[in-house]
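*Asks:*
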Amino acid sequence: MEKKYIVTLTDSERADLRKLISSGKGAARRLTHARVLLKADQGLPDQLIAADVEVGHATIERVRRRFVEEGLEVSLDPRRPDNPREHKIDGEVEAHLIALACGAPPKGRAHWTLRLLAGKLVELEYLPAVSHETVRQALKQTS
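Using the working numbering, you'd call the opening residue of the sequence shown number 12 and step up by one each time.
1) Leaving out five residues before and five after L125 in sequence, what residues of the same chain have Cβ atoms less than 6 Å from its Cβ?
2) Do you know offhand how far D101's Cα is from R75's?
3) Excluding the 5 residues preceding and the 5 following L127 in the sequence, name in chain order all residues of the same chain whose CB lies nearer than 6 Å to its CB.
4) Helix, strand or coil for S33? Go by DSSP, reduced to three states.
5) Could you pull out every residue in the same chain whose Cβ sits closer than 6 Å to the Cβ of L83, ignoring the five residues on either side in sequence?
6) Is G130 helix, strand or coil when you go by DSSP?
7) Mapping the DSSP letters down to three states, classify T21 as helix, strand or coil.
8) Would you check if the distance between the CB atom of V47 and the CB atom of V64 is smaller than 7 Å?
9) Tell me whether the beta-carbon of L42 lies closer than 7 Å to the beta-carbon of I32.
10) Can you tell me whether DSSP reads H147 as helix, strand or coil?
11) The alpha helix (DSSP H) spanning V74 covers which residue range?
12) How far does the alpha helix (DSSP H) with V141 in it extend, from its first residue to its last?
13) Using C-beta distances below 8 Å, list every residue in its chain close to G67, excluding the 5 sequence neighbours before and after it, in chain order.
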């Protein structure tokens, strides 16, 4: 099968990658991607690269494509999400959540549960909807 993205490293890029790998310091994914690029530059087939570096074929293809399209540095680092998630619970809602959690529990209950707190936030219309896991994460950050 003909490769769409052919990796051709310059001498300086090859030296930089070898230096990165030999130092052994850095993120494991970054070191793995460097190994993939060096082996791809040697012209090894993907099956051998996958066996040597212990990664999947999709990873090899992705690293090749990112190197050809975007360059060396970009291909070594993981891609950041294009649309990072916004936090549902901002400072104002978090203050109300803490006040609820520190207050008296509802009648018939010994203490607040995460589901009760989530339901109360929706009932008081601080948020249109919220899960107990979101409440847990917000309370974990504050303690």
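Idealized CB from N, CA, C, for every residue including glycine.
*Replies:* Let me lay it out:
1) H143, V146, R147
2) 40 Å
3) none
4) helix
5) E24
6) helix
7) coil
8) yes
9) yes
10) Note that residue 147 corresponds to Arg in the displayed sequence, not to His. Of the three classes helix, strand and coil, the one that applies to R147 here is helix, per DSSP.
11) 68-81
12) Unbroken run through V141: none, as it is neither H nor E.
13) A61
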